[in-house]
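In order, the protein sequence lines correspond to chains F and G.
1 is the number of the first residue of the first sequence in the numbering used here; add one for each residue after it.
1 is the number of the first residue of the second sequence in the numbering used here; add one for each residue after it.
The next block holds one structure in the form of structure tokens; read it before the comments.
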Amino acid sequence: MRAGKRDRNPFHDLVLVNTRSFTSHTTTAGLRVLVKEVGSIPGVNVTLWYQVGGAHRPRGRSGLAHFLEHMVFKGTDRFAKGDVDLICDRNGGSNNAYTDLDHTYYVFNFARDRWEIALEILASQMSGSLFPPEEFEAERQVVIQERMLSEDDPSFLLEEAALQAALPQSPYSRGVIGTLEDLQGMSREELTSFYRRYYRPENALLVITGDVDTERALEAVERHFPGGPPAASTIADELPSAEAEPFVPAGTGGGRIRLRLPAQLPEVKINFQAPAMGHPDSYVLLVLNNLLSYGKSSRIYRQVIQRDQLATEAWFSYLPCRLPFLMEVCGQARPGVDPQQLESALLDEINRLRREKVEDEEIQRARWQIWMNMLLAGQSLEDQSYLLGRTVMVGGLGFLDHFFTRLDEVDGERIIETARRLFDPRGQTVALLEPDTSAEEDGEEHDG
Amino acid sequence: MVDRDPGDGTPARPKFDPGPVARHVLPNGLCLIVRENHSHPLVSVEAVVRAGSYLDEEGTAGLAALSGRLLDSGAGGLTAEQISWEVESLGGMMMTHGGYLLSGISLSMSSDDLETALDLPARMLIEPDNDPGEFEKRRQRVLADIVADRDDPRSVALKRFHELTFAGHPRHRPVEGYEETLRALTPDHVRRFYCDRYSPQATCLVVSGDVDTSAVLARVTSLFGHWERGNALDPPSPPDPASLAGRGLVAERIPMRKEQVNIYLGHPGIRRNDPDFYPLKVMDKILGQGFTSRLNSRLRDDMGLAYSTFGSITSSAGVDPGAFLCYIGTSPEHEAEAVEGILTEIRRIREEPVPPEEVDAARRYLTGNYIFSLETNQDIGGYLLDAELNGLPLDHVQHYVEKVEQVDSARILEAAAAHLDPDNLVLVAAGGDPKLGFTPSR
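Structure follows, in structure tokens:
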């Protein structure tokens, strides 16, 4: 059997085709459009991205972007509440919508003979949403239920507390769904003005992937999204340059926080400040994602889960965003394991990166995995739209051109230098979930 | 109703063709299915054995699942670490699993690495090590997962739902077993389970991707052909669960300190090859699947009771009957309203004919949308495996559109009346007000 090595990259050409073979166009109204012809199934995915998410929160109004995402389905000048879903059903289509820290995006799938219906709906949602007052109140309750559902997961509350302690000043510090207080206080007027400000062609990116003809698709987009040129573009085109300053975390982290909640097992979450997508350091961190926690041969799995048996699950995660954010190393302790011991074991893995140079072979493995994942995503129209849309929204159009080159440049020296700078213990935040098995009220302590 | 439908009024009926599919049974009984797809240089392999938890004894609950999970813990001269290294060094992904009906291995790799993708499952199924050290580590992980699951109200409620609904039937047990049965297992149990249950005649291999069928057949024959049937038992069919008829509403609350109450209700369901499968599939869409379903539009959109609610009888239909299962997560003060709302919709769909335009919309959704769940090698591998296990033609998806289109209001009413029973069902609530009972009325 071979020893898990190969000489050539079997993914290279195909991933490049997958990530480059699209047409980019900006309509008269300033809407950027990417069209990618893929004939794998007789269907089309249409995804519309807006540059507005959890980070966009007028004072005291966290969760506005997510609430708005719910509300655009509650009636427009053309489609009454419920019509969009019914139209999708009647035409064999489907839809969903998501909000993350930077974006809100709407996803439609239709057969190829009627995919333009998605444009009709999206155009109406972009400019003609009505927000009927009674629907606003009813949907507020649904969003509050969604928040309650999340609160029942102790990990969600730990993450929220850790985020606020680590980055209190960041636009990201309130997450996506919003606090209960903000949700209860939100007014329809605030929602309407938020909508007018962000739901505009020049603040959006439309991605069409599937069995289409590019030229005709672009004509259809022009037809459905008419209008004159916008005042200014708000989507960033430029990558952070390769000569960007090294990312230096702010001197202090959020210290230590402890959260006592009804739960079975302790959890440990250690945050470090991380650079934005496209920053030269971010490529190192993408490699570390895989090296530390992809599969059973990854470092954290082998040491913390398999060898030392300290955690039910444990991982490192860096999700690149538009602005500097956090990366985290976390785990859930096994029954009977002291969470301090898990904390030390997780930090050992991080500190090993600052101490020992990683061998080329291990880096190459991580790279194969990143390539492979992009290939796997290439099998589904929706995943392809997502990959293209998210990278272009966050990193700009040129991002994918440089992505693989930058990834190839990551070596042992770079990793050790970056790890020393970014995993400085002074900048860390440690959040600990302590199971509260008594019947007392939930409480939070801060001893940072 | 929509005043102006943007479509041209005709239903979407995109065609899906799984392409050339070959099925071959080796002399030792192993079934191989190969589907060529040259659009990406990838291959996915599903290597499954009919050795799921339905075969466990009461006292060894969890044995099948643990044996399945242990498949990658050393085999054919390779250690656990070497196995994962072998796959992941090449960028591949592998998972070993043990479920209710099946246990096995799922692999995705570059098609350049087809040899590894077939060689590893062969070693793991034919020559598993059963190392006592690995056994203990994995057992401890399962035990820890069982404890961790107690924080998840949906998991807690669903496990109890199965206990009550399938009393006396293998489905009542959690697939992963109980703490006490797991503690009683030994490496010897696993060894015997492999001997008794892991055999070529219980195994099916589905290879989907950028491969050449004859090359795969040759390779599989050389890797698996020598696997002897030995004394292994043929996999039996799971028994029928007892009906709940005459038992009325069996309701139970599990106290949990949570903001929301999570409720499951339902009863035993249908087999995949039930002649009413398609009418019930359309019924599911109308009753409880998707944004336009009656449960969602009534309980979420109109009443604002929940972020999530659904119901279905066909999604768990398999070789043996799954469950008709409805779910809602709501705040404790709305619990009674929510339960009553679900029961009302169940009664309505089995007593009143569904208006033709509602049936039409559901049918149109199904005939237009199915292609999006058949995109990846894993999707199509899963479809082929499902067909093989349930005795359906491997190309049955090509008749899917016509089967859905044959369903009308009368067929739905008939099927709903025959298969849904709102007067005899199990209801489990995790969380909520412990002082409140359950008194849904007609």
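All C-beta atoms in this analysis are idealised placements derived from N, C-alpha and C, irrespective of residue type, glycine included.
Nothing here was measured: the structure is a model prediction, and the numbers come from that model.
Between Leu436/G, Thr186/G, Asn390/G, Arg173/G, which lies nearest to Glu333/G when the distance is taken from Cα to Cα? Here the question's residue 333/G lines up with position 333 in the second sequence. The option with the nearest alpha carbon to Glu333/G is Leu436/G.
State yes or no: is the C-beta of Val261/G within less than 7 angstroms of the C-beta of Ala429/G? Translated into positions along the second sequence, residue 261/G becomes position 261. Translated into positions along the second sequence, residue 429/G becomes position 429. Going by C-beta atoms, Val261/G is nearer than 7 angstroms to Ala429/G.
For a cutoff of 7 angstroms on Cβ pairs, would you count Gly449/F as touching chain G? Here chain F covers residues 1 to 448 and nothing more, so residue 449/F does not appear.
Would a C-beta distance cut-off of 7 angstroms place Leu149/F and Tyr400/G closer than the cut-off? Taking the first sequence and counting its residues from 1, the one referred to as residue 149/F is at position 149. Taking the second sequence and counting its residues from 1, the one referred to as residue 400/G is at position 400. No, the pair does not count as a contact, with Cβ atoms beyond the cut-off.
Using a 10 Å radius around the Cβ and a threshold of 16 neighbouring Cβ atoms, would you call Glu134/G buried or exposed? By one-based count along the second sequence, residue 134/G stands at place 134. Classification for Glu134/G: buried.
Beta strand (DSSP E) segments (min. 3 residues) lying fully within the stretch 195-254 of chain G: 203-209, 249-254
Could you give the DSSP three-state label for Gln51/F: helix, strand or coil? Here residue 51/F refers to the residue found at position 51 of the first sequence. Three-state DSSP puts Gln51/F in coil, outside helix and strand.
Excluding sequence positions up to five away, which residues of its chain have a Cβ less than 7 angstroms from the Cβ of Glu405/G? Taking the first residue of the second sequence as position 1, residue 405/G is located at position 405. Excluding sequence neighbours, Glu405/G sits near Arg363, Thr367.
Residues, ordered as in the chain, of the stretch 12-29 of chain G that lie near chain F by beta-carbon distance below 8 angstroms: Ala12, Arg13, Pro14, Lys15, Phe16
For Met71/F and Leu191/F, the rounded distance between their alpha carbons: Translated into positions along the first sequence, residue 191/F becomes position 191. Translated into positions along the first sequence, residue 71/F becomes position 71. Taking the straight line joining both Cα atoms gives about 9 angstroms.
Could one say the Cβ of Ala244/F lies closer than 7 angstroms to chain G's Cβ atoms, at least one of them? As a first step, residue 244/F must be located in the first sequence, where it is residue number 244. In this predicted model, Ala244/F has a pLDDT of only 49, less than 50, meaning its place in the structure is not dependable; the value taken from the coordinates is given anyway. Output row for Ala244/F: interface = no.
Please identify, using Cβ separations under 7 angstroms, the residues of the stretch 417-439 of chain F that lie next to chain G, in order along the chain. none
Give the DSSP bridge partners of Asn109/F, in chain order. In the first sequence, counting from the first residue as 1, residue 109/F sits at position 109. Partner(s): Asn45/F, Ser94/F.
Within this structure, are the beta carbons of Gly412/F and Val358/F separated by less than 7 angstroms? As a working mapping, residue 412/F is identified with position 412 in the first sequence. As a working mapping, residue 358/F is identified with position 358 in the first sequence. The answer is yes: Cβ separation under 7 angstroms.
Could you work out which residue in Val143/F, Glu139/F, Pro58/F is closest to Tyr172/F when comparing CA atoms only? Start at 1 with the first residue of the first sequence, and residue 172/F comes out as number 172. Checked all of Val143/F, Glu139/F, Pro58/F; the closest Cα to Tyr172/F is Pro58/F.
Closer than 8 angstroms by beta-carbon distance: list the chain G residues that pair up with Gly295/F, in chain order. The count along the first sequence starts at 1 and reaches residue 295/F at position 295. By Cβ distance, chain G contributes Ser84, Val87, Glu88, Met93, Met94.
Tell me, please, whether the CB atom of Ser39/G is closer than 7 angstroms to any CB atom in chain F? Numbered from 1 along the second sequence, position 39 holds the residue referred to as residue 39/G. Yes - at least one Cβ of chain F is within 7 angstroms of the one on Ser39/G.
Closer than 8 angstroms by beta-carbon distance: list the chain G residues that pair up with Gly452/F, in chain order. Nothing in the structure corresponds to residue 452/F, since chain F is present only between 1 and 448.
Applying a beta-carbon distance threshold of less than 7 angstroms, which residues of chain G neighbour Ala263/F? Along the first sequence, one-based indexing puts residue 263/F at 263. The answer, in chain order, is Asp151.
Do Ile412/G and Pro268/G have their beta-carbon atoms positioned less than 7 angstroms apart in this structure? Taking the second sequence and counting its residues from 1, the one referred to as residue 268/G is at position 268. Taking the second sequence and counting its residues from 1, the one referred to as residue 412/G is at position 412. For Pro268/G and Ile412/G, no; Cβs fall outside 7 angstroms.
Do Arg173/G and Ala323/G have their CB atoms nearer than 7 angstroms? Working through the second sequence from its first residue, we reach residue 173/G at position 173. Working through the second sequence from its first residue, we reach residue 323/G at position 323. No, Cβ-Cβ distance for Arg173/G and Ala323/G is not below 7 angstroms.
With a Cβ-Cβ cutoff of 7 angstroms, do Arg300/G and Thr309/G count as a contact? Reading the second sequence from its first residue, position 300 is the one you call residue 300/G. Reading the second sequence from its first residue, position 309 is the one you call residue 309/G. Yes.
For the alpha helix (DSSP H) that His419/G lies in, which residues bound it at each end? The sequence position of residue 419/G within the second sequence is 419, counting from 1. Unbroken alpha helix (DSSP H) run through His419/G: 409-419.
What are the partner residues of Pro435/F, as DSSP defines its beta bridges? Within the first sequence, residue 435/F is the residue found at index 435, counting from 1. Looking at the DSSP assignment, Pro435/F forms a beta bridge with Leu261/F.
Can the beta-carbon of Val48/G be found less than 7 angstroms from the beta-carbon of Gly104/G? For this step, residue 48/G is matched to residue 48 along the second sequence. For this step, residue 104/G is matched to residue 104 along the second sequence. Yes, these two residues count as a Cβ contact at 7 angstroms.
From what residue to what residue does the beta strand (DSSP E) around Trp315/F run? In the first sequence, the residue the question calls residue 315/F occupies position 315. From DSSP, the beta strand (DSSP E) with Trp315/F extends over 311-318.
Note down, in chain order, all residues in the stretch 353-376 of chain F with a beta-carbon under 7 angstroms from any beta-carbon belonging to chain G. Arg365, Trp368, Gln369, Trp371, Met372, Leu375, Leu376
Length of the line joining the Cα atoms of Gly253/F and Pro230/F: Taking the first sequence and counting its residues from 1, one reaches residue 253/F at position 253. Taking the first sequence and counting its residues from 1, one reaches residue 230/F at position 230. Each residue's Cα considered, the two are about 41 angstroms apart.
Is Ala242/F helix, strand or coil by DSSP? Translated into positions along the first sequence, residue 242/F becomes position 242. Reliability fails at Ala242/F, whose pLDDT of 36 lies under 50, so the model's placement of it is uncertain and the value that follows must be treated cautiously. Looking at Ala242/F - three-state DSSP - the assignment turns out to be coil, as it is neither helix nor strand.
In the DSSP assignment, find the unbroken beta strand (DSSP E) run with His25/F in it and report its ends. In the first sequence, residue 25/F corresponds to position 25, counting from 1. Segment 23-26, the beta strand (DSSP E) holding His25/F.
Rounded to whole angstroms, what is the Cα-Cα separation between Ser193/F and Ser129/F? Indexing the first sequence from 1 puts residue 193/F at position 193. Indexing the first sequence from 1 puts residue 129/F at position 129. Ser193/F and Ser129/F: Cα-Cα distance of roughly 12 angstroms.
Are the C-beta atoms of Ile300/F and some chain G residue less than 7 angstroms apart? Position 300 of the first sequence, counted from the first residue, corresponds to residue 300/F. Closer than 7 angstroms: no.
Of all the options Ser243/G, Leu374/G, Ser110/G, Asn296/G, which has the alpha carbon lying nearest to the alpha carbon of Gly168/G? Your numbering for residue 168/G matches position 168 in the second sequence. For Gly168/G, the nearest C-alpha among the options comes from Ser243/G.
Inter-residue spacing [alpha-carbon to alpha-carbon] between Pro339/F and Thr429/F: If you number the first sequence from 1, residue 339/F lands on position 339. If you number the first sequence from 1, residue 429/F lands on position 429. For Pro339/F and Thr429/F, the distance between alpha carbons rounds to 15 angstroms.
Excluding the 5 residues preceding and the 5 following Asp8/G in the sequence, name in chain order all residues of the same chain whose CB lies nearer than 8 angstroms to its CB. Locating residue 8/G in the second sequence gives position 8, counting from the first residue. Taken in chain order, the list of residues that qualify is empty.
Going by Cα to Cα distance, which pick from Ala245/G, Asp395/G, Ser409/G is closest to Asp421/G? Here residue 421/G refers to the residue found at position 421 of the second sequence. Residue Ala245/G is the option with its Cα nearest to Asp421/G.
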